[in-house]
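Undergrad: One structure follows; several queries about it will come next.
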DNA sequence: TAGATTGTTAATCGATTAACAATC
DNA sequence: TAGATTGTTAATCGATTAACAATC
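Protein chains in written order, with the numbering used here: chain Z, 402 to 660; chain E, 402 to 660.
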């Protein structure tokens, strides 16, 4: 029961990197690429829980077949997003907010504002690393392109996979990753590799300059402080549901059915 | 911008169902299946954040090739799990805890305790609904079996898929789901269907008695209060990373490189 | 104006963690 | 005993939400 430790690294606890980074960034409002400040709201002070919901609001506003015109009230949008309407209004207020009292929010403006805040004004190139079972599915997942991402590179180390073409992209070896990052301007990588390989692959990916990682491997990975890691642990999700099933059944068995 | 509403249903906000249910369950400690109370700790008061971490602790303790014998200190396990050691000790104390001061936790006892708390003492049968791109991958995902779950049924509605055999299981039609739930004793379903179908499929699944759902469809689903829904939104995960990338680059551009 | 809805305040709640007494 | 480590307390922090003044 030991784990290698390295002073340059911090365990990738959810959002730990964000907090540290957020605390380090201070000063006046930003001007990015010369864009007007009105359209580029100050992005520093947004809570982590709010950021996650912004993605939901954007999805709800753009998913529907309904034309994205007209206005929406906080009650309507909150209901559709499954959150409290006060939470929604507070979330949007972090964007500098542009609702109109008595009327609601202009949908087109809101979509633009949300997209810009989430950094989705152009499609972000993403590298997918590991083309096993799950990786192959992610390579073909249609839900990325419509929401701001382009899978720009496929990477593996298995000689049986490297060189094959998956979904129109040639699978390249991890050894080529430094070149791939430069070519495709990769900043985000999706890790779908075996748990045992996760830390090593992660190290190599970070060494190439990638600073955001979505990790599907059921393993804790350590990364330097400037790197963000988000983790999706599918079995853990089921275990959490299992816990609640267990609790429901336990309460049932002792109090309501038997005994 | 409207959403259908139903008095029997509540929006499936994360853990909303849990809180309501937890408040409803009161009374003395439980006795389940006649097992001793010492081995079946009171499971009611465990915070949601703790439950999620219990799954991580269990994975860290059982994943390694290291023999699961001996003891582990809170510092060691916390480091391996990427959490603060005080958090870990507090989490374990909710299980009635059995650490030994000056020594640590007996690994075998802890694994047993965690498994039992999460309801994983026997493999839970899970139904996988939707065998598109992602569903096929989940059907073959090796990470479920080793962590307490068995994919016991595959369901779809596409005539081209129904009747085919995937990973040794015959794909059955959603119309057969009531029978499948009874046969396989399904309590947990994984939804990997298109967003547009999510609510309807969810309704039918809940009507068959399933009370826990892991939803991969990028859609908010409404369920009755006794049903737990957890959501995995892959594109949203990337959007959250994108937000932080955007912020990092913005700060870099204005303060450190240009200007 | 009257009705509607935002943006914000303040109270509450839940989660995190440093510190340390208890105790092996 | 001395050293080590747990279990718990209490302070802090972040997130949620009811309520309502502001204002369209």
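Ideal Cβ positions, reconstructed from N, Cα and C, are used throughout, including at glycine.
Computed from a predicted structure; not experimentally measured.
1) Classify residue 586 (chain Z) as helix, strand or coil using the three-state DSSP reduction.
2) Just the C-alpha distance for residue 502 (chain Z) and residue 474 (chain Z), rounded to the nearest angstrom, thanks.
3) Using beta-carbon positions only, say whether residue 546 (chain Z) and residue 570 (chain Z) come within less than 8 Å of one another.
4) Measuring CB atoms only, is the segment 486-504 of chain E touching the segment 626-646 of chain Z, in the sense that at least three cross pairs come out at less than 8 Å?
5) Which residues does DSSP pair with residue 632 (chain E) in a beta bridge?
6) Go ahead and pull the three-state DSSP assignment for residue 536 (chain Z).
7) I'd like to know whether the C-beta of residue 390 (chain Z) is nearer than 8 Å to at least one C-beta of chain E.
8) With a cut-off of 8 Å, does the C-beta of residue 527 (chain E) fall near any C-beta of chain Z?
9) Assuming the contact rule is C-beta atoms closer than 8 Å, residue 541 (chain Z) and residue 534 (chain E) should be a hit. Round their C-beta distance to whole Å, please.
10) Between the segment 512-521 of chain E and the segment 506-515 of chain Z, can you find at least three pairs of beta-carbon atoms closer than 8 Å?
11) Hey, residue 529 (chain E) and residue 593 (chain E) are a contact pair by Cβ (cut 8 Å); roughly how many whole angstroms apart?
12) Let me see if you follow: with CB-CB separation under 8 Å, is residue 641 (chain Z) close to chain E or not?
13) Do the segment 597-606 of chain Z and the segment 631-648 of chain E touch if we need at least three Cβ pairs shorter than 8 Å?
14) Can you find the residues in the same chain that come closer than 7 Å, C-beta to C-beta, to residue 455 (chain E), ignoring five residues on each side of it along the sequence?
15) Quick check on residue 574 (chain Z): does DSSP put it in helix, strand or coil?
16) Go ahead and label residue 470 (chain Z) buried or exposed: buried means 16 or more other beta carbons lie within 10 angstroms of its beta carbon, across all protein chains shown.
17) Mind listing the chain E neighbours of residue 613 (chain Z)? Cutoff is C-beta to C-beta under 7 Å, in chain order.
18) Taking the alpha carbon of residue 641 (chain E) as the point to measure from, which residue in Z:497, Z:521, Z:618 has its own alpha carbon closest?
19) By the 7 Å beta-carbon criterion, what residues does the segment 609-633 of chain E contribute toward chain Z?
20) So, does the CB of residue 558 (chain E) fall closer than 8 Å to a CB anywhere in chain Z?
21) At 8 Å on the CB atoms, spell out the chain E contacts of residue 521 (chain Z), in chain order.
22) With a cut-off of 8 Å on the beta carbons, I'd call residue 589 (chain E) and residue 527 (chain E) a contact; round off their distance for me.
23) Mapping the DSSP letters down to three states, classify residue 550 (chain Z) as helix, strand or coil.
24) Taking only the alpha-carbon atoms, compute the straight-line gap between residue 558 (chain Z) and residue 532 (chain Z) and give it to the nearest angstrom.
25) Taking the straight line between their C-alpha atoms, what separation do you get for residue 637 (chain E) and residue 497 (chain Z)?
26) Rank Z:587, Z:647, Z:612, Z:543 by C-alpha distance to the C-alpha of residue 617 (chain E) and give the top, closest one.
27) Can you give me the Cβ contacts of residue 647 (chain Z) inside the same chain, cut-off strictly under 6 Å, excluding the 5 residues immediately before and after it?
28) Which residues mark the beginning and the end of the beta strand (DSSP E) in which residue 525 (chain Z) is found?
29) What did DSSP end up calling residue 557 (chain Z) once you bin it into helix, strand or coil?
30) If you draw a straight line from the alpha carbon of residue 460 (chain E) to that of residue 472 (chain Z), how long is it in whole angstroms?
31) Just mark residue 451 (chain Z) as buried or exposed, buried being the case when its beta carbon has 16 or more other beta carbons within 10 Å.
32) Quick check on DSSP: helix, strand or coil for residue 448 (chain Z)?
33) Candidates E:623, E:457, E:605: which alpha carbon is nearest residue 580 (chain E)'s?
34) Beta-carbon within less than 6 Å of residue 482 (chain E)'s beta-carbon, same chain only, minus the 5 sequence neighbours each way: which residues are those?
35) Output the boundary residues of the beta strand (DSSP E) element that contains residue 624 (chain Z).
36) Where residue 611 (chain Z) and residue 575 (chain E) are concerned, what is the direct C-alpha to C-alpha distance, given to the nearest angstrom?
TA: Result, derived from the coordinates:
1) The sequence position of residue 586 (chain Z) within the first chain is 185, counting from 1. Reduced to three states, the DSSP call for residue 586 (chain Z) is coil.
2) On the first chain, residue 502 (chain Z) is found 101 positions in, with the first residue counted as 1. On the first chain, residue 474 (chain Z) is found 73 positions in, with the first residue counted as 1. Those two C-alpha atoms are separated by around 10 Å.
3) Along the first chain, one-based indexing puts residue 546 (chain Z) at 145. Along the first chain, one-based indexing puts residue 570 (chain Z) at 169. For residue 546 (chain Z) and residue 570 (chain Z), no; Cβs fall outside 8 Å.
4) no
5) To locate residue 632 (chain E), count along the second chain from 1; it is residue 231. Note: residue 632 (chain E) sits in a beta bridge opposite E:616.
6) Residue numbering aside, residue 536 (chain Z) sits at position 135 when the first chain is read from its first letter. Under the three-state reduction of DSSP output, residue 536 (chain Z) falls in the helix class.
7) Beyond the ends of chain Z as shown, which are 402 and 660, falls residue 390 (chain Z); an answer cannot be given.
8) Your numbering for residue 527 (chain E) matches position 126 in the second chain. Yes, residue 527 (chain E) lies at the interface with chain Z (some Cβ there is under 8 Å from its Cβ).
9) Mapped onto the first chain, residue 541 (chain Z) falls at position 140. Mapped onto the second chain, residue 534 (chain E) falls at position 133. Residue 541 (chain Z) to residue 534 (chain E), Cβ: 5 Å. Contact.
10) no
11) On the second chain, position 128 is the one that residue 529 (chain E) refers to. On the second chain, position 192 is the one that residue 593 (chain E) refers to. About 7 Å separates the two Cβ atoms, so the contact holds.
12) As a first step, residue 641 (chain Z) must be located in the first chain, where it is residue number 240. Yes - at least one Cβ of chain E is within 8 Å of the one on residue 641 (chain Z).
13) no
14) Taking the second chain and counting its residues from 1, the one referred to as residue 455 (chain E) is at position 54. Here the set comprises 492, 515, 518, 519.
15) Start at 1 with the first residue of the first chain, and residue 574 (chain Z) comes out as number 173. The answer is strand: DSSP assigns residue 574 (chain Z) an E or B state.
16) Along the first chain, read from residue 1 onward, the residue named residue 470 (chain Z) stands at position 69. Exposed, by the Cβ-count rule.
17) The residue given as residue 613 (chain Z) occupies position 212 in the first chain. Per Cβ cutoff of 7 Å: 642, 645, 646.
18) Translated into positions along the second chain, residue 641 (chain E) becomes position 240. Cα-wise, what sits closest to residue 641 (chain E) is Z:521.
19) 612, 613, 615, 619, 621, 629, 631, 633
20) Indexing the second chain from 1 puts residue 558 (chain E) at position 157. Chain Z places no beta carbon closer than 8 Å to that of residue 558 (chain E), leaving this residue out of the contacts.
21) As a working mapping, residue 521 (chain Z) is identified with position 120 in the first chain. What residue 521 (chain Z) touches in chain E: 640, 643.
22) Stepping through the second chain from its first residue, residue 589 (chain E) is reached at position 188. Stepping through the second chain from its first residue, residue 527 (chain E) is reached at position 126. Between residue 589 (chain E) and residue 527 (chain E) the beta-carbon gap is near 5 Å, inside 8 Å, which marks them as a contact.
23) Counting from 1 along the first chain, the entry for residue 550 (chain Z) is found at position 149. It is a strand residue.
24) Your numbering for residue 558 (chain Z) matches position 157 in the first chain. Your numbering for residue 532 (chain Z) matches position 131 in the first chain. Distance from the CA of residue 558 (chain Z) to the CA of residue 532 (chain Z), rounded to the nearest whole angstrom, comes to 9 Å.
25) The residue labelled residue 637 (chain E) in the question sits at position 236 within the second chain. The residue labelled residue 497 (chain Z) in the question sits at position 96 within the first chain. In a straight line, the C-alpha of residue 637 (chain E) is about 22 Å away from that of residue 497 (chain Z).
26) In the second chain, the residue the question calls residue 617 (chain E) occupies position 216. Per the Cα distances, Z:543.
27) Residue mapping note: residue 647 (chain Z) aligns to position 246 of the first chain, counting from 1. So no residue of the chain qualifies.
28) Your numbering for residue 525 (chain Z) matches position 124 in the first chain. Taken as a continuous stretch (DSSP letters only), the beta strand (DSSP E) holding residue 525 (chain Z) covers 525-530.
29) For the purposes of this step, residue 557 (chain Z) is taken as residue 156 along the first chain, with counting starting at 1. Reduced to three states, the DSSP call for residue 557 (chain Z) is strand.
30) Numbered from 1 along the second chain, position 59 holds the residue referred to as residue 460 (chain E). Numbered from 1 along the first chain, position 71 holds the residue referred to as residue 472 (chain Z). Straight-line Cα distance between these residues: approximately 47 Å.
31) As a position in the first chain, residue 451 (chain Z) is number 50, starting the count at 1. Result: buried.
32) Numbered from its first residue, the first chain carries residue 448 (chain Z) at position 47. Residue state, collapsed to three classes: coil.
33) Sequence index remark: in the second chain, residue 580 (chain E) carries index 179 (1-based). By alpha-carbon distance to residue 580 (chain E), the top candidate from E:623, E:457, E:605 is E:605.
34) Indexing the second chain from 1 puts residue 482 (chain E) at position 81. These residues qualify, in order along the chain: 457, 458, 461.
35) Along the first chain, one-based indexing puts residue 624 (chain Z) at 223. First-last of the beta strand (DSSP E) with residue 624 (chain Z): 623-625.
36) Translated into positions along the first chain, residue 611 (chain Z) becomes position 210. Translated into positions along the second chain, residue 575 (chain E) becomes position 174. Near 42 Å, if we compare the C-alpha coordinates of residue 575 (chain E) and residue 611 (chain Z).
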